[in-house]
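Line by line, the protein sequences are chains A and B. Residues are numbered in our numbering as their position in the first sequence, beginning at 1, plus a constant of 208. Residues are numbered in our numbering as their position in the second sequence, beginning at 1, plus a constant of 208. Glycine included, each C-beta is placed from N, C-alpha and C at the ideal position.
Number of protein chains: 2
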Amino acid sequence: MKNYTKRQKEIILAAIDLIAKNGIQELTIKKLSQKIGVVESALYRHFPKKQDILLGILAVFRENKEAILQAVQAESDVPLEQLRALFIKRFKYFSEHPAVASVIFAEDLFRNDSRLSQMVYEIMKTNQAAIIHLVENGQKRDDIRKDLPATQIAFILASALRLIVTQWRLAEYRFDLNEEGKKIWETLERMVKN
Amino acid sequence: MKNYTKRQKEIILAAIDLIAKNGIQELTIKKLSQKIGVVESALYRHFPKKQDILLGILAVFRENKEAILQAVQAESDVPLEQLRALFIKRFKYFSEHPAVASVIFAEDLFRNDSRLSQMVYEIMKTNQAAIIHLVENGQKRDDIRKDLPATQIAFILASALRLIVTQWRLAEYRFDLNEEGKKIWETLERMVKN
DNA sequence: ATATTGTGAGCGAACATTCACACACATATA
DNA sequence: TATATGTGTGTGAATGTTCGCTCACAATAT
């Protein structure tokens, strides 16, 4: 986000908001410019193509994932606690930024452009690698059971996180994500703990 | 699908194929009619609105889920084996019909229309209820651990299935879904087995 | 001969993008 | 200090394309 001007950030956040409302087809230059309060062509002073706005959205996601990961590692050095913190923090962030949650797991939005889908894939892989690493550390400390491959455990953790957020969004945010998320984490923890 | 004519089914399958290729924005009346081999307006002989084609797609999904569920229950009466069969059959079906896999978990495609999103929600809930029921039966027989709520176990099972299919699609079907799916199931089984 | 299915032209709306132009403000030059 | 030039940001009109959909008419099948 350091590479983006104030105005560009403003546009990116507005774009996320729009997409959250009704999917990617809600994001048109016209609607976006109206939300910002300028005329359509003014947006092209800040982004050469609409696509570049979408790239900006992905940059927000990546930055957020990295920030949470660092915070988690600073907070504790017990892998299982780090994993819990990772879950809790993610839910907290999504609760506070539903629009972001709305878009972050909707990979399909970016499927039609190779630059975009490549970036999605990269973010996903980085994130997964980080979780795998935490699980492996947990296994080394004998906190997490070793009879299951770390990659698979990490996969299952990530998949549950993802689905609960998806359902929360489909339910139009009608249940408390923090609460349900915590419950799911506790079940998962009991499944993988030694 | 009993309510649909031959031609309508043809159109629905072609529509699924198109969406699989590059997302929902690939599904236009023009492209669809070209794929079928008629002119655009001919489609309106079979469906009054584009939306109704999407409803047809959802009907295919629902029918498929119900069929698999019945087959699974006929095959065995041991819940854990039924669950395994459910997983394996789903992966097999998706392997053989990648286009369907491409669309079935992309709920966002239908977000902008209330009729569609309601149907998506209904299919999802029915499916989840069926899995919960199987898990509860497994717990009654002491095959599945009882210290975890059945709803949560079912949720975690479903989430893993969903994510592996999603990743398979994002990886452009480059890995063997049956194989990877089986591995994930085995890990899940070990997590929940008594 | 009646019902079903397909054709071709065309409609208005929405879309992303481009263009000439305007105005405020900062920086450089005389 | 006064003037000139550059930069950032906005406006309004216009472009070409694509979209879903309609309609009068024609071919085909039962």
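Put simply, the segment 305-321 of chain A touches the segment 220-236 of chain A. At least three CB pairs are less than 8 Å apart.
For the C-beta of residue 264(B), not a single chain A residue is nearer than 9 Å; the gap to the nearest is close to 20 Å. Not flagged as an interface residue toward chain B: residue 306(A), since no C-beta distance is shorter than 9 Å. In this structure, residue 352(A) lies away from residue 294(A), with their beta-carbon atoms at least 9 Å apart. Judged by DSSP secondary structure, residue 329(A) falls within the alpha helix (DSSP H) whose first and last residues are 322-348.
With the rule of 3 Cβ pairs closer than 8 Å, the segment 371-391 of chain B counts as touching the segment 299-307 of chain B.
The C-alpha of residue 321(B) lies about 44 Å from the C-alpha of residue 402(B). DSSP, reduced to helix, strand and coil, places residue 229(B) within a helical segment of the structure shown. Counting along the chain, the unbroken alpha helix (DSSP H) around residue 387(A) starts and ends at 385-400.
Bridge partners of residue 352(B) according to DSSP: 401(B).
For the options 375(A), 389(A) and 338(A), the alpha carbon positioned closest to that of residue 359(A) is the one of 338(A). Within chain B, the residues placing a beta-carbon under 8 Å from that of residue 316(A) are 231, 232, 314, 316 and 317, ordered along the chain. Counted as a single uninterrupted DSSP element, the alpha helix (DSSP H) harbouring residue 291(B) occupies residues 287-304. In the structure shown, residue 255(B) falls within a coil segment according to DSSP collapsed to helix, strand and coil. For residue 331(B), the closest Cβ of chain A is not nearer than 9 Å. A direct Cα-to-Cα measurement between residue 241(A) and residue 251(A) gives close to 7 Å.
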